[in-house]
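Residue numbers (the working numbering): 35 to 204.
Even glycine gets a Cβ: it sits at the ideal position worked out from N, Cα and C.
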């Protein structure tokens, strides 16, 4: 009987240790995003990003780049939906990289916003990279959420990246 209790205790501890807690982080007064507690705010990933978090030990990275529809329209860059915006972004992103692969676009709705999402991988000097790219369309913006890691950590981080990508509130 003690063995059974020990097994149940170990299973619950193990399960809890793999589940992540998320905290809502604000990016200025514009939007918020749920970020895993194991990630820390940073400023060195991308100069255009309005939100950046990472955990260098876990090789986990996330940035958000926002594009104002008004500014895009002034440049004659008019997109009908997040899928069109994502296609435009990914058609040349990492195009010259070795072994670049990209999934079919998945469309979904979350927090009353339309989303378009792809998974991409490629080889670079740092190794084999996996990235989840999500575009969220709101009334006034297109947001690009880029979550990436080394391909060897993809299975450990993918669920967290999916949670992040669905959490944007504008």
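Just so you know, the alpha carbons of residue 134 and residue 123 end up roughly 15 Å apart. If you ignore the 5 residues before and after residue 59, its C-beta comes within less than 8 Å of the C-beta of 66, 67, 68, 69, 75, 85, 87, all in its own chain and listed in chain order. For residue 159, the closest alpha carbon among the candidates 120, 128, 111 is that of 128. In the DSSP assignment, residue 122 falls within the unbroken alpha helix (DSSP H) covering 116 to 124. For residue 79, the closest of 63, 97, 91 by C-alpha to C-alpha distance is 97. Only buried fits residue 151, as 16 or more other CB atoms lie within 10 angstroms of its CB.
Collapsing the DSSP output to three states places residue 164 in a strand.
If you check the CB distance, residue 106 and residue 99 do not come in under 9 Å. Per DSSP, residue 95 lies in no alpha helix (DSSP H) segment; the continuous beta strand (DSSP E) that holds it begins and ends at 94 to 102. Residue range 175 to 184 is occupied by the beta strand (DSSP E) that includes residue 178. Shown here for residue 148: same chain residues with a beta carbon closer than 6 Å to its own, the five before and five after excluded, namely 116, 171 in chain order. DSSP, reduced to helix, strand and coil, places residue 106 within a helical segment of the structure shown. Residue 141 and residue 90 have their C-alpha atoms spaced approximately 30 Å apart. By the neighbour-count definition (other C-beta atoms within 10 Å, threshold 16), residue 109 is an exposed residue. Annotation: the continuous alpha helix (DSSP H) that includes residue 197 extends over 188 to 199.
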